[in-house]
Amino acid sequence: MGNIVSFRDLIVWQKSHVFVLEIYRISSVFPKEETYALTSQLRRAVVSVPANIAEGFTKKTLPNKLNYISHSEGSLQEVNYYLILAKDLCYIDETTFENAYQLSEEISKLLGGYIKTIKNFHQKK
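Here the sequence shown is numbered in the working numbering, starting from 496 and rising by one per residue.
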């Protein structure tokens, strides 16, 4: 995996971290009554994406690594649903939704590429 020495070197982690910051910004304007509901759920799910990438980075076996990436993928889809819900509740506008959803799709593709890279690396060992 080249010059990758830390999870912070992974583009997928970097993009995921940017996504977390964006979701925090977006959700900061949600209604107060959503603080312990949608806002909390959305933030918990989005933080799980880079957190699982980071945790999986140190795992030694392929199944262990892939398990953490799978959790990231699941959390990303959960975020996608919450974004749809926020849009449908008129908490975010269409442009905000589309921009966030595009970033999510980019991260999803990067996760797929990361999985292929991990599998290839472990096959060569």
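Even glycine gets a Cβ: it sits at the ideal position worked out from N, Cα and C.
A distance below 7 Å between beta-carbons, with the five flanking residues on each side excluded, links R538 to the following residues of its chain, in chain order: I518, Y519 and S522. In the structure shown, D588 falls within a coil segment according to DSSP collapsed to helix, strand and coil. Comparing alpha-carbon positions, the option among L516, A549, E528 and D583 lying closest to R503 turns out to be A549.
In this structure T534 is buried. Its beta-carbon is surrounded by 16 or more other beta-carbon atoms within 10 angstroms. K582 places its beta carbon less than 8 Å from that of E589. Around the beta carbon of I564, 16 or more other beta carbons lie within 10 angstroms, which makes this residue buried. Contact check for S543 and H566: beta-carbon distance about 7 Å, within the 8 Å limit, so the pair qualifies.
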